[in-house]
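Heads up, the thing below is written out as structure tokens.
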Amino acid sequence: MQTITIQANESFLKEAVELLKNFAKKSNEEIEISFDEFPEYESRFDEYLEDIEAFEKGELEVYPLGTGWKYLK
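Numbering (the numbering used here), first residue to last: 3 to 75.
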């Protein structure tokens, strides 16, 4: 099975999905469609805030990438 990635607006994707479903049905082919949403920056931001809070409490162990990281001192 092959994979394709399409980035477009929501209305275009809905129409494209319907076309693909109909085409697969007529061709007696199996099709699997999944949507990967754009990253929800707010939820990722919340995760970062949780990590910062855990780091400040000493609950998160971090490893500096070098000696010049002033933020991890």
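We put the beta carbon where it would ideally sit given N, CA and C, even for glycine.
Item: Whether Ile-33 touches Leu-51 by CB criterion (9 Å); Value: no
Item: N-terminal and C-terminal residue of the alpha helix (DSSP H) that Ala-10 is part of; Value: Run containing Ala-10: none; DSSP gives neither H nor E here.
Item: Assigned secondary structure, Lys-59 (DSSP; H/G/I helix, E/B strand, else coil); Value: coil
Item: DSSP-derived helix/strand/coil call for Asn-24; Value: helix
Item: Ile-135, DSSP secondary structure in three states; Value: Summary: the structure shown does not reach residue 135, with the chain confined to residues 3 through 75, and so no result is reported for it.
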